[in-house]
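*Asks:*
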Amino acid sequence: MDWPPVYDDRYRPEPRNRYWFPELETMPAEARERLILEKLQAQMGWAWERAPFYRRKWQAAGLEPGDIKSLADFQRVPIVTKQELREDQAAHPPFGSYLCVKPEEVARVHGTSGTTGKPTAFAISRDDWARIANAHARIMWGFGLRPGNTVFLGSFFSLYMGGWGALVGTDRLGATAFPFGAGVPGQTLMAIRWLRELRPTVFYGTPSYGLYVAEKARQEGVDPRRDFAFRILFFSGEPGAGIPATKRLIEETYGGICLDTGSMAEMTPWMTNGECEFRTGMHLWQDIVYAELCHPETKEVVPYGKEGVPVYTHLERTSQPMIRLWSGDLATWTDEPCECGRTYPRLPKGIYGRVDDMVIVRGENVYPSAIEEVLRAIAGVGEEYRVVVSREELMDELVVQAECTREFEAEAAGRRERLEALRQEIEARLRAVIGVWARVRLMPPGSLERTEFKARRVVDNRDLFRSLREAK
Ligand SMILES: [Zn+2]
0 MDWPPVYDDR YRPEPRNRYW FPELETMPAE ARERLILEKL QAQMGWAWER APFYRRKWQA
60 AGLEPGDIKS LADFQRVPIV TKQELREDQA AHPPFGSYLC VKPEEVARVH GTSGTTGKPT
120 AFAISRDDWA RIANAHARIM WGFGLRPGNT VFLGSFFSLY MGGWGALVGT DRLGATAFPF
180 GAGVPGQTLM AIRWLRELRP TVFYGTPSYG LYVAEKARQE GVDPRRDFAF RILFFSGEPG
240 AGIPATKRLI EETYGGICLD TGSMAEMTPW MTNGECEFRT GMHLWQDIVY AELCHPETKE
300 VVPYGKEGVP VYTHLERTSQ PMIRLWSGDL ATWTDEPCEC GRTYPRLPKG IYGRVDDMVI
360 VRGENVYPSA IEEVLRAIAG VGEEYRVVVS REELMDELVV QAECTREFEA EAAGRRERLE
420 ALRQEIEARL RAVIGVWARV RLMPPGSLER TEFKARRVVD NRDLFRSLRE AK
């Protein structure tokens, strides 16, 4: 087997063909397992030679790549957490000791602003970028997307990987890209005009943005079903497209099919969790990224039909391979056949939860534990707090309610400027650490209900789709 694989960039199936690579997509489970194992061994060998991060980690576990002779053996490979990646990048800036190519081979740098204000950098080599484009084109072909379609990309073009992944897939597939972007004031109204004129047939963005566009269109007297031409709408960045009621709402609103996609930015090509045109839950495109569903505590792989945490492994990534990256997401999986004929297992209910208390605010992962750490370090701030997330139109709103101490209350004695100074100090420190703006409300001591469970300190009031439902 040649590894890493090199794809022929001129290849494209006939438009009537359902599959991009028929053999790979429909092979029996045992044959695929053999293929995955071969690719795993090559991927691990590559990382072992080049990444001190993995060498240290595997040596500490008493393992080397040659020990992995079956997929069952692979479960002995220790899991990697995002926290470890952040720490490793801090110790070995900028890309960590898991960068397996020379810095000059890096073609693209992407990243996140991180959960503690410290960004995580993704370095992607030119060869990997080409493989990512091939993977995304292949999966988008499975949506039913074909050359001749015009793809409206209504997402941020920034460090964020989502929009870029959809763009390279569109390019490689030979469809027409319309990289419109998102997030600029007034842009949605402009989009509505363009969508009527240009009539793109494919939409990409977040589900909440898809519904927001429809809501705005109606306010302008535009019927998203009659006046736009979307036939395929695919989404990432939020779980909505995998929630049956939301999927139905999007399909009724636009008169097209709604598909759920997305694993993690670190796992780019992130579309390897991706639905097919039959929308039976995201297929796991296991010969590109190998996904295991693991028990949240024992970390053992759970049988089909059960719930677990997806753990992902790149099978063709040379720059920053992720080998057993813990997602922290919750899903169930099944190997029951899908009407499309692909033999990949599926997440029939998509990704529907988290094992930790992380919330996504304006596209950033926010951990209440990071907020707690900030609060604990400021004199005058008491024990109890709440993190309240809501949504005003398109924007998430993050409010932190923090009790002050009895001592502070006595000392401030209702003096506004003392209270205001403390409030502003908390806001500034939170901003520096969590990377998104939070409004702080100071609460009298003892005013918040006491709770044993950290997760209950998070109140998520976002009913992303309520206004649209009411409009219908
Ligand atoms: Zn399918």
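In numbering that gives the first Met the number 0, the protein residues as written are 0 to 471.
Glycine is no exception: its CB is placed at the ideal position from the N, C-alpha and C atoms.
It should be emphasised that the depicted structure is a prediction, and the values quoted were computed from it without experimental measurement.
(1) Just reading off the beta strand (DSSP E) that H313 is part of, what are its end residues?
(2) Assuming F179 contacts W163 (C-beta within less than 8 angstroms), just tell me the rounded distance between them.
(3) Distance, Cα to Cα, R456 vs T342?
(4) Distance, Cα to Cα, L166 vs E13?
(5) Should W325 be labelled buried (16 or more other beta-carbon atoms within 10 Å of its own) or exposed?
(6) For the beta strand (DSSP E) that contains H282, what are its first and last residues?
(7) Alpha carbon to alpha carbon, how far is E63 from P336?
(8) To which residues of the same chain is I78 closer than 7 angstroms at the C-beta, ignoring the five residues directly before and after it?
(9) Buried or exposed for M189, please, with buried defined as at least 16 other CB atoms from any protein chain shown within 10 angstroms of its CB.
(10) Under 8 angstroms between the Cβ atoms of M270 and I138?
(11) Give the straight-line distance between the Cα atoms of S466 and Y211, rounded to the nearest whole angstrom.
(12) Cutting at 6 angstroms between CB atoms, please list the residues of its own chain near G168, excluding the five before and the five after it.
(13) Only counting the same chain, and skipping five residues up and downstream in sequence, which positions put a Cβ closer than 6 angstroms to that of P295?
(14) Taking only three categories from DSSP, how would you classify S368?
(15) How big is the Cα-Cα spacing for R428 and V365?
(16) Which one of A240, I35 and T119 has the shortest CA to CA distance from L258?
(17) Which residues does DSSP list as the beta-bridge partners of G273?
(18) Assign W436 to buried or exposed, taking buried as 16 or more other Cβ atoms, counted over all protein chains shown, within 10 Å of its Cβ.
(19) When DSSP labels each residue in this structure, what does F229 get in the three-state scheme?
*Replies:* On the basis of the coordinates in this document:
(1) E306 to H313 is the extent of the beta strand (DSSP E) around H313.
(2) In fact, because the Cβ distance is near 14 angstroms, the residues do not count as touching under 8 angstroms.
(3) Straight across, the Cα-Cα distance linking R456 with T342 is about 42 angstroms.
(4) 21 angstroms
(5) buried
(6) M281 to L283
(7) 35 angstroms
(8) Excluding positions up to five away in sequence, the list reads K298, V310, R323 and W325.
(9) Burial is judged here by how many other beta carbons sit within 10 angstroms of a residue's own beta carbon; M189 has fewer than 16 and is exposed.
(10) yes
(11) With a pLDDT of 46 at S466, under the threshold of 50, the modelled position of this residue cannot be trusted; read the value that follows with caution. C-alpha separation (whole angstroms): 9 angstroms.
(12) H135, A136 and M139
(13) Only V308 and V354 meet the Cβ criterion.
(14) helix
(15) Per the coordinates, the alpha-carbon of R428 lies some 14 angstroms from the alpha-carbon of V365.
(16) The alpha carbon of L258 has as its nearest neighbour, out of A240, I35 and T119, the alpha carbon of A240.
(17) T260 and H282
(18) By the 16-neighbour rule on beta-carbons within 10 angstroms, W436 is exposed.
(19) coil
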